[in-house]
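For reference, the structure is listed below as structure tokens.
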Ligand code: HEM
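In our numbering, the protein residues as written are 14 to 411.
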């Protein structure tokens, strides 16, 4: 029997696709490391797990974000991605009240201005880290705008969210990284409680003030739930969308013909975004726990087993995506699971697509070529997110 694949090994993080192809050949459900989790690699089974919360609980996400070494409950655990029905539905109904299309439309103008400034700056410098230059400021400015965080420095926010994302990848015995993650959780908790106190005293036109007002019947969000949602928005809104933009830039560098195509036909930008989401899903996996003994694709899973749904693998399943290892701009499939499926389907999907579209429209209209300026990329040490931590590039104007 071949040794189990470790989803946190350097070899896997650098290029997971051959490993996932091998797992798909072995079957839809295969045991992997760390921790002997069960990886779900085929699209049908991935979809089934995500739409069966009664059997596959989101409490599994706590394994990734709230390990024992943290020494406290990660306040993120009080937020929607970690909850099952009926708590999940109650919170989602409350939060959706503050997440309207109208609120998003108000962001458009702000986004165009931010994207323009970033691209001006990048073209002036020519050699930049794309993550610092575009992938961070675009979603950070949106989240700061939505939540009314005018005092927040983007570099600080990025460091925080990167540390939170890295919790799932901390190796046993790496006490320095554990201490750093603990300090970050404390700092984010303190910061968000301060913002809540400020908005209670002085409400504003922002999502935090809206959430303080939101009610289902007579019920409001508790303080822990508010802090949890605040942190969830910072992490879910920043790291994911930023990583999507970084993957887009990497695609431009790997396939130089894409940029002129999109410049000639900007209406292809949304399709380019969808194919990038499929090709390199920024959320690579979602974790669930079996609530009872279950059988999935003939594999017996004991109660309490951790199930790792690989969105990255499902997005290359040949049944739905022929030639899945090829980046095909004309691909028509609507079966992409990058934003999840079922009751936890991403609340920010529309916003993320809007951010990426506006940033890329500005980028492709003015940049002629992207060249990678490194031999080797460092990948996020995370079970859940997939993306390079930096992307040194040189840009040539159109
Ligand atoms: C490209 C960018 C993004 C990707 C790939 C992405 C992906 C996902 C995925 C896969 C889930 C499902 C998690 C699960 O089933 O456990 C999810 C949930 C969620 N996302 Fe996103 N997301 C993105 C951007 C955003 C943005 C911009 C926001 C908000 C500002 C956001 C907020 C959320 C929230 C609140 C949930 C939890 C929903 C629930 O549990 O009901 N996401 N996202």
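Don't be surprised by glycine CBs; every beta carbon is placed ideally from N, CA and C.
Sequence-distant residues of the same chain with beta carbon closer than 8 Å to residue i, five excluded per side
i           : result
residue 92  : 104, 238, 241, 242, 244, 245
residue 89  : 78, 79, 95, 177, 241, 244, 245, 248
residue 230 : none
residue 125 : 371, 375
residue 98  : 66, 67, 356
residue 194 : 83, 176, 177, 179, 180, 183
residue 305 : 68, 316
residue 163 : 157
Where residue i falls, given that 16 or more other Cβ within 10 Å makes a residue buried
i           : result
residue 149 : buried
residue 415 : Not covered by the structure: residue 415. The range shown for the chain is 14 to 411.
residue 349 : buried
residue 368 : buried
residue 132 : buried
residue 394 : buried
residue 57  : exposed
residue 329 : buried
residue 358 : exposed
residue 399 : buried
residue 174 : buried
residue 203 : exposed
residue 114 : exposed
residue 121 : exposed
Separation of residue j from residue i, as counted between CA atoms
i           : j           : result
residue 339 : residue 265 : 14 Å
residue 188 : residue 83  : 11 Å
residue 216 : residue 224 : 11 Å
residue 387 : residue 232 : 53 Å
residue 116 : residue 38  : 45 Å
residue 44  : residue 102 : 31 Å
residue 227 : residue 234 : 7 Å
residue 129 : residue 123 : 10 Å
residue 485 : residue 190 : Here the chain covers residues 14 to 411 and nothing more, so residue 485 does not appear.
residue 54  : residue 351 : 14 Å
residue 252 : residue 179 : 11 Å
residue 24  : residue 157 : 36 Å
residue 139 : residue 286 : 24 Å
residue 409 : residue 141 : 12 Å
residue 196 : residue 206 : 16 Å
residue 221 : residue 111 : 8 Å
residue 100 : residue 134 : 45 Å
residue 21  : residue 214 : 45 Å
residue 280 : residue 379 : 16 Å
residue 185 : residue 29  : 22 Å
residue 31  : residue 278 : 33 Å
Residue i vs residue j beta-carbon contact at 9 Å
i           : j           : result
residue 272 : residue 411 : yes
residue 60  : residue 365 : no
residue 282 : residue 373 : yes
residue 361 : residue 256 : no
residue 404 : residue 263 : yes
residue 324 : residue 353 : yes
residue 301 : residue 319 : yes
residue 250 : residue 159 : yes
residue 151 : residue 258 : yes
residue 284 : residue 344 : yes
residue 356 : residue 64  : yes
residue 170 : residue 153 : yes
residue 212 : residue 377 : no
residue 219 : residue 161 : yes
Candidates the options, of which the one nearest residue i by Cα
i           : options           : result
residue 73  : 215, 60, 397      : 397
residue 274 : 381, 218, 32, 231 : 381
residue 118 : 138, 102, 155     : 155
residue 86  : 183, 406, 199     : 199
residue 316 : 297, 70, 107, 30  : 70
residue 321 : 296, 305, 344     : 296
residue 81  : 385, 192, 207     : 192
residue 127 : 167, 214, 289     : 167
residue 260 : 163, 40, 406      : 406
residue 385 : 120, 36, 143      : 143
Cβ neighbours of residue i in the same chain (closer than 6 Å, five flanking residues each side left out)
i           : result
residue 46  : 17, 19
residue 312 : 42
residue 307 : 68, 314
residue 390 : 401
residue 210 : none
residue 294 : 324, 325, 328, 351
Residue i Cβ short of 8 Å to the ligand ADP heavy atom set
i           : result
residue 296 : Questions concerning the ligand ADP fall outside what the structure shown contains, since the ligands it does hold are the ligand HEM.
Residues near residue i in its chain [Cβ-Cβ closer than 7 Å; skip 5 each side]
i           : result
residue 346 : 333, 334
residue 27  : 392
residue 269 : 382
residue 48  : 319
residue 75  : 90, 95
residue 289 : 257, 260, 261, 264
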